[in-house]
Amino acid sequence: MDALADGLVTALTLLDPRTLIIGGGLAEAGETLFAPLREAVRRRVTFQKLPAIVPAALGDTAGCLGAGLLAWDLLGGTSAAAAPHSSSSTTPRR
-5 MDALADGLVT ALTLLDPRTL IIGGGLAEAG ETLFAPLREA VRRRVTFQKL
45 PAIVPAALGD TAGCLGAGLL AWDLLGGTSA AAAPHSSSST TPRR
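Residue numbers (the numbering used here): -5 to 88.
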């Protein structure tokens, strides 16, 4: 916990994010991880604003999705993430 909190506070100091998002298998631990992690980060901050520390929305699935999109792109497909947004109408929204 200490090493993770130290690393997050370093990132917090350098980047000043409003939210720290924890992903992958680590996020699956839920409040068992997040409650003590928030407290450990809170104890370490000095002048920095305390950010929200939240689990990634995709959890452990993000790596699989990224690998799939990379393979799709390498095979000549167009990933949805890279596709330009289109509108069915040419009239600007109001």
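Ideal Cβ placement from N, Cα and C applies to all residues, glycine included.
Out of curiosity, what's the CA-to-CA distance linking lysine 43 and aspartate 10?
-> Walking along the sequence shown from the start, residue 43 turns up at place 49. Walking along the sequence shown from the start, residue 10 turns up at place 16. Between lysine 43 and aspartate 10, the C-alpha separation is close to 8 Å.
Among Asp0, Gly1, Ala21, Thr4, which residue has its Cα nearest to the Cα of glycine 57?
-> Taking the first residue of the sequence shown as 1, we reach residue 57 at position 63. Considering only alpha carbons, the answer is Ala21.
Quick one: is isoleucine 15 buried, meaning 16 or more other Cβ sit within 10 Å of its Cβ, or exposed?
-> Locating residue 15 in the sequence shown gives position 21, where the first residue counts as 1. Isoleucine 15 should be labelled exposed.
Can you give me the Cβ contacts of leucine -2 inside the same chain, cut-off strictly under 7 Å, excluding the 5 residues immediately before and after it?
-> Translated into the one-based positions of the sequence shown, residue -2 becomes position 4. Excluding residues within five positions, the ones whose Cβ falls inside 7 Å are Leu31.
Near alanine 50, what residues of its chain come up, given a Cβ to Cβ distance below 7 Å and the 5 sequence neighbours on each side ignored?
-> For this step, residue 50 is matched to residue 56 along the sequence shown. Closer than 7 Å at Cβ, skipping near neighbours: Ile15, Ile16, Gly17, Ala21, Ala56.
Inter-residue Cα distance where the pair is alanine 61 and aspartate 54 | Looking up residue 61 in the sequence shown gives position 67. Looking up residue 54 in the sequence shown gives position 60. If I take the Cα positions, the gap works out to 13 Å.
State buried or exposed for leucine 2, treating a residue as buried only when at least 16 other CB atoms are found within 10 Å of its CB.
-> As a working note, residue 2 is residue 8 in the sequence shown. So leucine 2 ends up on the buried side.
Spatially closest choice to alanine 46 from Thr4, Phe28, Leu59, Leu63, by CA coordinates | Within the sequence shown, numbered from 1, the residue matching residue 46 stands at position 52. If we check each option's Cα against that of alanine 46, Phe28 comes out closest.
How long is the line joining the alpha carbons of threonine 7 and valine 39, rounded to whole angstroms?
-> Counted from its first residue, the sequence shown places residue 7 at position 13. Counted from its first residue, the sequence shown places residue 39 at position 45. The alpha-carbon atoms of threonine 7 and valine 39 are separated by roughly 9 Å.
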